[in-house]
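In the working numbering, the protein residues as written are 20 to 185.
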C-alpha cells in the first residue's frame with residue numbers, strides 16, 4: 020500500500036513569503052494609508068497563494084505589494100521606503116513560487132530546510148543587490164529627482180524579477 024504524497028507548498032518558504040509580504044506592506048504603510056490598504060490586499064493574495072498552492076494568487080499578491088510600494092513612494096517625500104517595499108515584494112513573489120515548486124516536486128514531507136534557506140538567502144542577496152543598483156543609479160544619474168528614482172527603481176525591480184525567474 021502506497022501513501023499519496025502531499026504536494027502542498029513547502030512550509031518554510033511559505034512562511035518566509037508571507038513574512039516578506041508583510042514587511043513590504045508595512046514599509047508601504049509607513050508612507051501612506053492607501054498604500055497600506057493595497058499592501059494588505061497583496062499580503063492576503065500571497066498568503067492565499069502559498070496556502071492553497073495557487074501561483075496566480077502569489078503573483079497578483081506580489082504585484083499588489085509592488086503597486087503599494089510605488090504608491091507609497093509617490094505620496095510621500097520619504098521615497099527611500101520604496102527600497103525595502105519593492106525588495107520585499109519581489110522576495111515575497113520569489114519565495115512563494117519556491118514554496119509551490121518545492122511542494123510540487125518533493126512533497127511537503129521531504130526535509131527541504133537546507134534547500135529553502137539557501138534559496139531564501141541567495142534571493143535576498145540578489146534583491147539587496149538590485150536595490151543597491153537602483154539606489155546607485157538614482158544617486159549618480161538622477162540629480163536627486165524622486166520621480167526619476169521611481170522609474171529607475173521600477174526598472175531595477177523588473178531586472179531583479181527577470182534574474183530570479185531564470
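Glycine included, every Cβ here is placed at the ideal spot set by N, Cα and C.
For residue i, which of helix, strand or coil comes out of DSSP?
i	result
residue 119	helix
residue 25	coil
residue 43	helix
residue 140	helix
residue 130	coil
residue 77	helix
residue 32	helix
residue 95	coil
residue 61	helix
residue 72	coil
Based on Cα-Cα distance, which residue from the options lies nearest to residue i?
i	options	result
residue 46	126, 128, 85 and 31	85
residue 56	79, 69 and 83	83
residue 121	29, 23 and 22	29
residue 80	53, 124 and 60	60
residue 34	52, 51 and 67	67
residue 63	156, 101, 115 and 25	115
residue 71	101, 25, 172 and 147	25
residue 51	78, 98 and 38	98
residue 176	124, 149, 69 and 75	149
residue 39	48, 65, 22 and 123	65
residue 151	22, 101, 75 and 111	101
residue 111	130, 27, 123 and 58	58
With distances taken between CB atoms, is the gap from residue i to residue j smaller than 7 Å?
i	j	result
residue 104	residue 142	no
residue 31	residue 109	no
residue 118	residue 36	yes
residue 54	residue 90	yes
Can you tell me whether residue i is buried or exposed? The criterion is at least 16 other CB atoms within 10 Å of its CB, across all chains shown.
i	result
residue 140	exposed
residue 87	buried
residue 113	buried
residue 172	buried
residue 155	exposed
residue 159	exposed
residue 77	buried
Kindly say whether residue i, judged by its beta-carbon, lies nearer than 7 Å to any beta-carbon of chain B.
i	result
residue 39	Of the protein chains in this structure there is only one, and it is not chain B.
Using 8 Å as the cut-off, can you tell me whether the segment 88 to 102 makes contact with the segment 125 to 137, which would need three or more C-beta pairs spanning the two stretches below that distance?
Judged by Cβ distances under 8 Å, the segment 88 to 102 makes no contact with the segment 125 to 137, as fewer than three pairs qualify.
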